[in-house]
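Heads up, the sequence shown is in the working numbering, so the first residue is 773 and it goes up one at a time.
We put the CB at the ideal spot given by N, CA and C, even for glycine.
None of these values were measured; they are calculated from a predicted model.
A quick write-up on the structure given underneath.
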Amino acid sequence: MSDSDARRRPLIGVCAAWERVAWSFWDQQAAVVAGTYLGAVRRAGGTPVVLTPEPLGDAQIESHGAWLDGLLLIGGADIDPACYGQQSAERTEATYPLRDQFEIALVRAAFDWDLPVLGICRGLQVLNVATGGSLHQHVTDAGFAEHRPVPGRLGESTLHVVEVEPGAPLAADAERQLIVNSHHHQGVDQVGEGGRVVARSVPDHLVEAVEWPQLRYALGVQWHPEELELDMTIADLVAAAADRAAAANRVEAIR
């Protein structure tokens, strides 16, 4: 690929986590993004750019908007319940307020810019909280028994079925049910302003996907499309980012 080809690829900001990581001679805080997210963006025709959590003033936020073509929010730690006006429940796990504040600020700015945004797992929850929604801090405590942990499967995704609403930006060829993969103990409760639920789990009806249809492309899914070979959700994000950038004469549209 030539340098000019690389420049035409839409730039997708991928929000990282700060985690303590040991590798080689080091054991320290590092910006962490699973390679599956980065690979999925590249395969879809985008260039992933890792964004590290930091305090953002108005000037820093605007600087991101000047060059980003799309935004991807990935999985990770629980969101601080203070972000949606609640106290931390007993089963809420360690939170990272700086990451929460960074991602929520970026989402709100991205919505103002009509920047294509995709939230995966925790990313769906960030989108929901950023638009004024709330979360179930532990879904089994809220009555979603089908989401109880599977013994011996800690850290592994579990395949299950979701029911997709008509007209949702998810189902190819008008499919109404999808088999997806997820691993989470929190979930969407009250949906944020402007959000429309477009998928729920079967049979317990937990919210699994939300879109903001008034925007160019704004979608959150509770599952992990970066690990599903036939899931086109990340490709849809990159295509929307390319279309937006092409309209501004920054890149060529992906067709």
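### Task
Pull up the distance between the alpha-carbon of L843 and that of L899, whole angstroms please.
Going from the Cα of L843 to the Cα of L899 covers about 11 Å.
### Message
Check whether the segment 816-825 and the segment 783-800 are in contact - that is, three or more C-beta pairs closer than 8 Å.
### Response
Taking a cut-off of 8 Å for Cβ pairs, the segment 816-825 and the segment 783-800 touch, as three or more such pairs fall below it.
### Task
Pick helix, strand or coil for D799, following the three-state DSSP scheme.
For D799, the secondary structure class from DSSP, reduced to helix, strand or coil, is strand.
### Query
Can you tell me whether L1002 is buried or exposed, with buried defined as 16 or more other CB within 10 angstroms of its CB?
Residue environment: L1002 is assigned as exposed (fewer than 16 neighbouring CB atoms within 10 Å of its CB, all protein chains considered).
### Query
Among G966, E998, S973 and D976, which residue has its Cα nearest to the Cα of W984?
Answer by Cα proximity: G966.
### Query
Within 10 angstroms of its Cβ, does W885 collect 16 or more other Cβ (buried), or is it exposed?
So W885 ends up on the buried side.
### Task
Tell whether a beta-carbon distance below 9 Å holds between T808 and E998.
Yes, Cβ-Cβ distance for T808 and E998 is below 9 Å.
### Cβ contact check for the segment 930-945 and the segment 969-984: 3 or more pairs under 8 Å
Taking 8 Å as the limit for Cβ pairs, the verdict is that the segment 969-984 does touch the segment 930-945.
### Query
Does the segment 1002-1014 touch the segment 868-883, meaning 3 or more C-beta pairs lie closer than 8 Å?
Flag = no, the segment 868-883 and the segment 1002-1014 do not touch.
#### Entry: Pairwise C-alpha distance: R863 and G939
Those two C-alpha atoms are separated by around 36 Å.
### Query
If you drop the 5 nearest sequence neighbours on each side, which residues of the same chain put their C-beta closer than 6 Å to that of E791?
So the qualifying residues of the chain are V804.
### Message
Tell me the rounded alpha-carbon separation between R894 and W798.
### Response
Rounded to whole angstroms, R894 to W798 spans 28 Å at the Cα level.
### Query
In whole angstroms, what separates the C-alpha of Q909 from that of Q897?
Distance from the CA of Q909 to the CA of Q897, rounded to the nearest whole angstrom, comes to 11 Å.
### Query
Span of the beta strand (DSSP E) holding P820?
P820 -> beta strand (DSSP E) spans T819 to L823.
### Query
Can you tell me where the alpha helix (DSSP H) with N900 in it begins and where it stops?
Run containing N900: R894 to A902, per the alpha helix (DSSP H) assignment.
### Message
Alpha carbons only, please: which of V993, Y856 and L887 is nearest the one belonging to H955?
### Response
Nearest option by C-alpha distance: V993.
### Query
For chain B, is any of its Cβ atoms less than 9 Å away from the one on Q832?
Protein chain content of the structure displayed is limited to a single chain, and chain B is not contained in it.
### Query
Which class does L828 belong to by DSSP, given the choice of helix, strand or coil?
Of the three classes helix, strand and coil, the one that applies to L828 here is coil, per DSSP.
### Query
Per DSSP, which one or two residues make a beta bridge with C787?
Among the bridge pairs identified by DSSP, C787 is matched with L823 and L845.
### Task
Check the DSSP bridge columns for H932 and list the partner residues they point to.
The partner list for H932 (beta bridge, DSSP) reads V952.
### Task
Measure the C-alpha to C-alpha separation of L942 and V813 and round it to an integer number of angstroms.
It is roughly 17 Å from the alpha-carbon of L942 to the alpha-carbon of V813.
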